[in-house]
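Enquirer: In our numbering, the protein residues as written are 11 to 162.
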Amino acid sequence: MKIHLQPEIFALAPDFHRGLVIARHLNNNGDSSELEARLREAESETKKIDSLGKLCAVTGWDEVHRAFGSNPNKFPPAHKNLLKRVNKPEVRLPFISKVVAIMNTSSLSLRTPVGGDDLKRCQDYGADLELRLARGNETFLPLGKDVKEETP
């Protein structure tokens, strides 16, 4: 498997930084009171934010999305959606799995997009990981679903 980064990403967002964590042999089964407590703490801290629209972690990513030709109000960056969702008074994120809890906690705490891919599944399908501009014909497989959806 290869990881491809399209040069246009850096042409449009020269200050873009990315990180990559590869974790193997994870036990993603069951609950974790420690991870759930960290997720709840991240939610609690997020609820203290008065104006998400003024956070540089939000406005900066909005600018990047505009540079890519995307409307961040119509198609918000993932972490912006998560921050907005959690900032509502009675909202608590579900504890889906340990890995999802780690990603959500990280995204809320660091105020940056955090995503994950199952490398085994990518390898099984002969797929590489690719960071590129959207072409408009992308599909994704929603969590817990068997049918891919297209996102224009």
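Ideal Cβ placement from N, Cα and C applies to all residues, glycine included.
1. Could you tell me if Ser117 is buried or exposed, where buried requires 16 or more neighbouring beta carbons within 10 angstroms of its beta carbon?
2. Are Leu93 and Leu62 closer than 7 Å when you measure CB to CB?
3. With DSSP as the reference, label Leu103 as helix, strand or coil.
4. What is the C-beta distance between His89 and Arg50, in whole angstroms, given that I count them as a contact (C-beta under 8 Å)?
5. Does the segment 69–76 come close enough to the segment 127–137 that 3 or more CB-CB pairs lie under 8 Å?
6. Applying the criterion that 16 or more other CB atoms from any shown protein chain within 10 Å of the CB defines a buried residue, is Thr56 buried or exposed?
7. Say whether the segment 96–105 touches the segment 25–32, bearing in mind that this needs 3 or more beta-carbon pairs closer than 8 Å, one atom from each stretch.
8. Quick check on the DSSP output: what are the complete beta strand (DSSP E) runs of length 3 or more inside the segment 89–146, in order along the chain?
9. From Gln133 to Ala33, what distance separates their C-alpha atoms?
10. Determine whether the beta carbon atoms of Ser119 and Ala52 lie at a separation below 7 Å.
11. Can you tell me the Cα-Cα spacing of Glu140 and Lys12, whole angstroms?
12. For Ala23, which residues of its own chain have a beta-carbon under 7 Å away from its beta-carbon, when the five flanking residues on both sides are left out?
13. Here's a check: name, in chain order, each residue in its chain whose Cβ is nearer than 8 Å to the Cβ of Phe85, leaving out the five neighbours to either side.
14. For Leu36, which option in Gln16, Ser80, Ile59 and Val110 has the closest C-alpha, if you only look at C-alpha atoms?
15. Looking at the unbroken beta strand (DSSP E) that takes in His14, where does it start and where does it end?
Expert: From the atom records:
1. Here the question's residue 117 lines up with position 107 in the sequence shown. Counting Cβ neighbours within 10 Å, Ser117 comes out buried, since at least 16 surround it.
2. Position 83 of the sequence shown holds residue 93. Position 52 of the sequence shown holds residue 62. Result yes, Cβ atoms of Leu93 and Leu62 sit closer than 7 Å.
3. Position 93 of the sequence shown, counted from the start, is the residue given in the question as residue 103. Shown here, Leu103 sits in coil according to DSSP, grouped into three states, outside any helix or strand.
4. Taking the first residue of the sequence shown as 1, we reach residue 89 at position 79. Taking the first residue of the sequence shown as 1, we reach residue 50 at position 40. Going by Cβ atoms, the distance from His89 to Arg50 rounds to 18 Å, so no, they are not a contact pair.
5. With the cut-off at 8 Å, the segment 127–137 and the segment 69–76 do not touch.
6. If you number the sequence shown from 1, residue 56 lands on position 46. By the neighbour-count definition (other C-beta atoms within 10 Å, threshold 16), Thr56 is a buried residue.
7. Segment contact: the segment 96–105 against the segment 25–32, fewer than three CB-CB distances shorter than 8 Å; contact not assigned.
8. When DSSP assignments are scanned along the segment 89–146, the uninterrupted stretches of beta strand (DSSP E) that are 3 or more residues long and fall wholly within it turn out to be 139–141.
9. Numbered from 1 along the sequence shown, position 123 holds the residue referred to as residue 133. Numbered from 1 along the sequence shown, position 23 holds the residue referred to as residue 33. Answer to the nearest angstrom: the Cα atoms are 15 Å apart.
10. Here residue 119 refers to the residue found at position 109 when the sequence shown is read from its first residue. Here residue 52 refers to the residue found at position 42 when the sequence shown is read from its first residue. A contact, by the Cβ cut-off of 7 Å.
11. As a working note, residue 140 is residue 130 in the sequence shown. As a working note, residue 12 is residue 2 in the sequence shown. A direct Cα-to-Cα measurement between Glu140 and Lys12 gives close to 8 Å.
12. Counting from one through the sequence shown, the residue named residue 23 turns up at place 13. Take Ala23, set aside five residues on each side of it, and the residues of its chain with a beta-carbon closer than 7 Å to its own are Val74 and Ala77, in chain order.
13. For this step, residue 85 is matched to residue 75 along the sequence shown. Only His75 meet the Cβ criterion.
14. On the sequence shown, position 26 is the one that residue 36 refers to. Closest option to Leu36, Cα to Cα, is Val110.
15. By one-based count along the sequence shown, residue 14 stands at place 4. Per DSSP, the continuous beta strand (DSSP E) segment holding His14 begins and ends at Ile13 to Leu15.
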